[in-house]
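Going by our numbering, the sequence shown opens with residue 103, and the numbers climb by one from there.
Glycine residues also receive a C-beta, built at the ideal position from the N, C-alpha and C atoms.
Since we're looking at a predicted model, the values are computed, not measured.
Comments concern the structure below.
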Amino acid sequence: MKVIGIVGMPASGKGEASRIARDLGIPVVVMGDAIRERVKEAGLPPTDANFGAVAGKLRADLGMDAIARITVPLIEATGSPVALVDGIRGDYEVAAFKEHFPDFTLIGIVSSFETRYRRLANRGRSDDSLTPDELRARDERELGWGLGRALEQADCRVMNEGSLEEFAAEVRTLLCRLGGREE
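Listed below in structure tokens is the structure:
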């Protein structure tokens with residue numbers, strides 16, 4: 103099974119890359135869904151602080167690759183020859199996916215702080231940080247999980263500073279090449 107991983111800072115474009123993959127017929131497993139589900143099960147409001155606390159507790163209790171291990175069965179359950187996993191947050195998760203899926207490719211999506219903050223202000227998800235300081239705190243938390251080291255391990259990078267159309271075209275071309283699909 104070919105697995106394509108997506109890593110990037112908050113609001114870098116991971117969700118948009120996942121949408122493009124779905125449009126191409128590639129099944130997508132979102133790691134954050136495992137966290138959102140656990141927050142919901144605990145009866146907690148869907149806030150960035152609660153998502154961060156639950157994710158941190160899972161990693162503390164089960165290891166830094168806990169969320170990757172939780173999502174491996176979901177990826178396998180797609181039954182597809184190619185799947186995409188969105189939301190890798192650390193190098194331990196990359197290692198877990200590489201160990202479990204020998205045909206694993208990591209795409210790093212890179213955007214500046216200013217661009218990401220502007221996107222968050224327009225996105226409106228319940229876990230989006232609305233102040234620059236809150237985004238910096240979220241960045242620091244995720245970098246503490248090894249997100250920077252995971253980005254460094256990316257097999258390929260996509261810069262996301264231009265238009266949505268430019269980004270979408272680059273991601274579509276890359277996914278078609280990696281997934282063995284024609285554009």
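Point to revise | Exposure label - residue 191; buried when at least 16 CB within 10 Å | key: buried
Check your understanding: What first and last residue would you give for the beta strand (DSSP E) that runs through residue 181?
Key -> That residue, residue 181, is in no beta strand (DSSP E); it is neither H nor E in DSSP.
Practice item. Drop a sphere of 10 angstroms on the beta-carbon of residue 288, count the other beta-carbons inside from all chains shown, and report buried for 16 or more, exposed for fewer. Key: This structure cannot speak to residue 288, because the chain is shown only from 103 to 285.
Exercise for review: Can you grab the Cα-Cα spacing for the pair residue 127 / residue 111, in whole Å?
Suggested key: 25 Å
Exercise for review: Could you spell out the range, first to last residue, of the alpha helix (DSSP H) harbouring residue 128?
Suggested key: DSSP places residue 128 in no alpha helix (DSSP H); its state is neither H nor E.
Review point. Can you list, in chain order, the residues of its chain whose CB lies under 8 Å from that of residue 197, leaving out five sequence neighbours each side?
Key: Excluding sequence neighbours, residue 197 sits near 167.
Check your understanding: residue 133 to residue 170, Cα distance in whole Å?
Key -> Computed Cα separation, rounded: 7 Å.
Practice item. Mind checking which residues open and close the alpha helix (DSSP H) that includes residue 246? Key: Residue 246: member of the alpha helix (DSSP H) spanning 234-246, first to last residue.
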